[in-house]
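**Q** Note that UniProt numbering numbers the sequence shown so that position 493 is 493, with each residue one more than the last. Every residue gets a Cβ at the ideal spot worked out from N, C-alpha and C, and that includes glycine. Treat the numbers as computed from the prediction; the structure is a model and nothing was measured.
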Amino acid sequence: YHALFFFNWASNPNPNPNNYSHNHTCYEAITDLLLRHSLFHPTVKLLEKSQKLSDFFVGKIIKAYGDRGNIKAAIFWFNKAKSFEKDKYFYSFNSILGVLVKANLIDLVETLFDNVVKEGVVQPDVSSYTILMRGLCKKGMVESARKVLDEMPCKPNLIAYNTLINGYCKNGDLESASLVFDKILTEADSLPDVVTYTTLIDGYCRKGEFVEAKRCLNMMMKAGCSPNVVTYNAIIYALCLKGEVDEAKKMITEMRLNGVKDNTATHLNILKGLAVAGRSLEALEYFKWMAGCNMTLDAKAYIVVVKEYCKLRKIDEAIFLLKGMCERGFSHNVSCFNSMFRALVELNALDRAVLLLKRMPQMGCMPNSVSYRTVICGLCGTEGRMREVGYLVDDMLRYGIPVDATMYGCMLEGYSKAGNEDMAIQVFNEMIGKSYIISSESFSVFVKMLCAEGMIEKAENFFEDICRTFPVVERDGYRKILDKHLQITQDSSKENSREENS
Numbered sequence: 001y002h003a004l005f006f007f008n009w010a011s012n013p014n015p016n017p018n019n020y021s022h023n024h025t026c027y028e029a030i031t032d033l034l035l036r037h038s039l040f041h042p043t044v045k046l047l048e049k050s051q052k053l054s055d056f057f058v059g060k061i062i063k064a065y066g067d068r069g070n071i072k073a074a075i076f077w078f079n080k081a082k083s084f085e086k087d088k089y090f091y092s093f094n095s096i097l098g099v100l101v102k103a104n105l106i107d108l109v110e111t112l113f114d115n116v117v118k119e120g121v122v123q124p125d126v127s128s129y130t131i132l133m134r135g136l137c138k139k140g141m142v143e144s145a146r147k148v149l150d151e152m153p154c155k156p157n158l159i160a161y162n163t164l165i166n167g168y169c170k171n172g173d174l175e176s177a178s179l180v181f182d183k184i185l186t187e188a189d190s191l192p193d194v195v196t197y198t199t200l201i202d203g204y205c206r207k208g209e210f211v212e213a214k215r216c217l218n219m220m221m222k223a224g225c226s227p228n229v230v231t232y233n234a235i236i237y238a239l240c241l242k243g244e245v246d247e248a249k250k251m252i253t254e255m256r257l258n259g260v261k262d263n264t265a266t267h268l269n270i271l272k273g274l275a276v277a278g279r280s281l282e283a284l285e286y287f288k289w290m291a292g293c294n295m296t297l298d299a300k301a302y303i304v305v306v307k308e309y310c311k312l313r314k315i316d317e318a319i320f321l322l323k324g325m326c327e328r329g330f331s332h333n334v335s336c337f338n339s340m341f342r343a344l345v346e347l348n349a350l351d352r353a354v355l356l357l358k359r360m361p362q363m364g365c366m367p368n369s370v371s372y373r374t375v376i377c378g379l380c381g382t383e384g385r386m387r388e389v390g391y392l393v394d395d396m397l398r399y400g401i402p403v404d405a406t407m408y409g410c411m412l413e414g415y416s417k418a419g420n421e422d423m424a425i426q427v428f429n430e431m432i433g434k435s436y437i438i439s440s441e442s443f444s445v446f447v448k449m450l451c452a453e454g455m456i457e458k459a460e461n462f463f464e465d466i467c468r469t470f471p472v473v474e475r476d477g478y479r480k481i482l483d484k485h486l487q488i489t490q491d492s493s494k495e496n497s498r499e500e501n502s
């Protein structure tokens with residue numbers, strides 16, 4: 001607002017011996033500043049008062065609304081531009097295309113583009129067609145984007161070619177991407193730039209074709225196009241994803257020798273690579289080194305280290321780091337909690353797991369089905385903990401999380417081992433009702449309990465229920481399990497009879 005106040009004062013200074021007035025660049029600067037702070041009403045009021053509300057500035061308003069996710073307002077202003085500019089809403093047109101592509105409303109982009117072309121009022125330029133291509137590539141329709149490139153009435157520029165190469169690389173079609181690259185060399189007015197080469201290198205790396213990626217890097221440097229940190233990070237990321245951290249570190253040395261400074265993303269890749277390679281202790285030390293270098297560590301770095309602490313069963317350190325994330329304003333990640341639940345269950349620290357699960361909402365992170373499944377299945381596998389399972393299931397259902405097949409299987413085994421036939425039968429019937437396949441292991445534990453309680457007829461009936469509900473299951477396998485437990489029951493009865501007679 002201070003800038004706006006000064007702008008308004010300077011627009012009509014008194015005295016004004018040099019007849020100063022704001023030019024287009026001044027209005028563009030103040031408009032950008034106001035929109036950057038979402039001050040839409042003052043922006044519109046200023047432009048209307050100065051009679052500067054043109055297609056150019058409406059395009060900026062549309063983009064600003066789109067950046068904030070207000071698609072409805074962006075469309076409103078596009079229609080407004082059409083109403084008062086008639087045949088001069090070119091900037092607004094390109095802006096609304098970009099907004100819709102960013103919002104993944106690709107079908108609407110195609111419809112709008114076709115309508116404008118049919119009307120013939122505004123002639124789309126290479127930027128318009130490139131935005132359309134980007135939308136088609138986001139939708140996975142790369143060949144349609146290729147058709148747009150081939151048939152556009154204006155000459156494609158390097159950005160259009162780069163858009164298509166990126167689409168092919170995202171689809172893993174490096175052969176087609178290379179053909180477009182060759183086309184740039186022969187047909188385009190400009191040579192491939194750092195974006196072109198980096199996109200190809202990233203594509204090769206994601207497919208694990210490191211020889212081709214290195215060849216492309218060498219070709220890039222021979223062509224006089226200097227790789228940047230994004231180029232090197234693409235290779236480093238791919239190497240780390242495979243756990244080849246030492247090779248990735250060599251690449252950091254190479255980039256430094258070539259005058260390219262590594263950044264936080266570079267070292268975050270190394271951190272992830274150490275985790276992938278199972279080098280947890282090194283990962284923890286690397287994290288401490290990064291923090292000591294005053295690098296701006298984001299939530300992703302903390303998540304990696306929390307999970308590594310969990311792998312090492314250092315739960316206290318993991319929780320301490322989670323609190324550190326909260327203090328730095330990072331939102332908690334449910335996958336971090338799930339890693340802790342797995343570690344706590346493996347350590348048989350079930351009381352801590354249950355307590356942490358219940359405290360999650362207070363810590364700003366809602367548990368998901370994996371959270372409940374890990375703890376519930378851990379409780380089901382431990383004697384005397386089935387009462388707590390019931391409470392957790394109630395909590396889970398209250399949060400709108402359904403019981404999945406794995407949880408049902410664990411509960412069936414848990415209640416069966418605990419000798420709680422009523423709850424075991426209830427769980428069995430719910431599984432049948434929801435068409436959840438009952439594993440042979442769960443069925444074995446269930447019928448063992450039934451046979452031990454003398455419920456032979458019920459065991460037979462439940463076997464028939466499975467065969468009726470799941471005709472494709474291996475009937476003979478379930479029959480063998482049932483017969484095995486029936487035989488054990490009969491043998492046990494005979495043994496008991498002999499002992500009584502003797």
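Please classify Gly224: is it buried, with 16 or more other beta-carbons within 10 angstroms of its beta-carbon, or exposed?
**A** When all chains shown are included, Gly224 counts as exposed.
**Q** Cutting at 8 Å between CB atoms, please list the residues of its own chain near Cys451, excluding the five before and the five after it.
**A** Contacts found: Ala459, His485, Leu486, Ile488 and Thr489.
**Q** The alpha helix (DSSP H) spanning His24 covers which residue range?
**A** His24 to Arg36 is the span of the alpha helix (DSSP H), which, as asked, contains His24.
**Q** Secondary structure at Lys250, three-state DSSP: helix, strand or coil?
**A** Of the three classes helix, strand and coil, the one that applies to Lys250 here is helix, per DSSP.
**Q** Once DSSP output is grouped into helix, strand and coil, what is the label at Leu274?
**A** Of the three classes helix, strand and coil, the one that applies to Leu274 here is helix, per DSSP.
**Q** At which residue ranges does the segment 400 to 477 contain complete beta strand (DSSP E) runs of 3 or more residues, listed in the order of the chain?
**A** Listed in chain order, there is nothing to give.
**Q** With DSSP as the reference, label Tyr89 as helix, strand or coil.
**A** It is coil, neither helix nor strand.
**Q** Are the beta-carbon atoms of Ser369 and Phe337 separated by less than 8 Å?
**A** Result no, Cβ atoms of Ser369 and Phe337 do not sit closer than 8 Å.
**Q** Identify whether Ala343 lies in helix, strand or coil by the three-state DSSP scheme.
**A** Helix.
**Q** Hey, out of Glu209, Leu217, Arg479 and Lys118, whose CA is closest to Ile466's CA?
**A** Of Glu209, Leu217, Arg479 and Lys118, the residue nearest in Cα terms is Arg479.
**Q** Rounding to the nearest angstrom, what Cα-Cα distance links Lys242 and Lys314 in this structure?
**A** The straight-line gap from Cα to Cα measures roughly 25 Å.
**Q** Quick check on Met366: does DSSP put it in helix, strand or coil?
**A** Three-state DSSP puts Met366 in coil, outside helix and strand.
**Q** My output table needs one value for Ser176: the three-state DSSP class, helix, strand or coil.
**A** In the structure shown, Ser176 sits in a helix (DSSP, three-state: H, G or I).
**Q** Over the uninterrupted alpha helix (DSSP H) stretch that includes Lys323, give me the two end residues.
**A** Per DSSP, Lys323 belongs to the alpha helix (DSSP H) from Ile315 to Glu327.
**Q** What do you get for Lys63, buried or exposed, if any count of 16 or more other CB atoms within 10 angstroms of its CB means buried?
**A** Buried, by the Cβ-count rule.
**Q** With distances taken from CA atoms, which of Phe90, Leu200 and Met431 is nearest Gly120?
**A** It is Phe90 whose Cα lies nearest to the Cα of Gly120.
**Q** By a C-beta neighbour count over all protein chains shown, 10 Å radius and 16 as the cutoff for buried, is Gly140 buried or exposed?
**A** Gly140 comes out exposed.
**Q** Look at Cys169 and Thr198 and say whether their C-beta atoms are less than 8 Å apart.
**A** No, Cβ-Cβ distance for Cys169 and Thr198 is not below 8 Å.
**Q** Taking 7 Å as the limit between beta carbons, can you name the residues of its chain near Thr130, skipping five residues before and five after?
**A** For Thr130, where only same-chain residues beyond five positions count, the Cβ hits under 7 Å are Ile159, Ala160 and Thr163.
**Q** Using a Cβ-Cβ cutoff of less than 6 Å, which residues in the same chain neighbour Ala275 once the five nearest sequence positions on both sides are dropped?
**A** The answer, listed in chain order, is Ala283, Val304 and Glu308.
**Q** Using only the alpha-carbon positions, how far apart do Asp32 and His24 sit?
**A** Computed Cα separation, rounded: 12 Å.
**Q** For Ala55, which residues of its own chain have a beta-carbon under 8 Å away from its beta-carbon, when the five flanking residues on both sides are left out?
**A** First, the amino acid is wrong: residue 55 is Asp here, not Ala. Closer than 8 Å at Cβ, skipping near neighbours: Ala81, Glu85, Lys88, Tyr89, Phe90, Tyr91 and Ser92.
**Q** How many Å lie between Ala457 and Glu464 at the Cα?
**A** The question names Ala, yet the displayed sequence has Glu at residue 457. Straight-line Cα distance between these residues: approximately 11 Å.
**Q** Look up Ser95 in the DSSP assignment and say whether it is helix, strand or coil.
**A** Helix, per DSSP.
**Q** In chain order, what residues of the same chain have a beta carbon less than 7 Å from the beta carbon of Ser439, not counting five sequence neighbours either side?
**A** Closer than 7 Å at the Cβ level, and outside the excluded window around Ser439, lie Gly409.
**Q** Starting from the C-beta of Val117, find all residues in its chain whose C-beta is less than 8 Å away, skip the five residues before and the five after it, and write them out in chain order.
**A** For Val117, where only same-chain residues beyond five positions count, the Cβ hits under 8 Å are Pro124.
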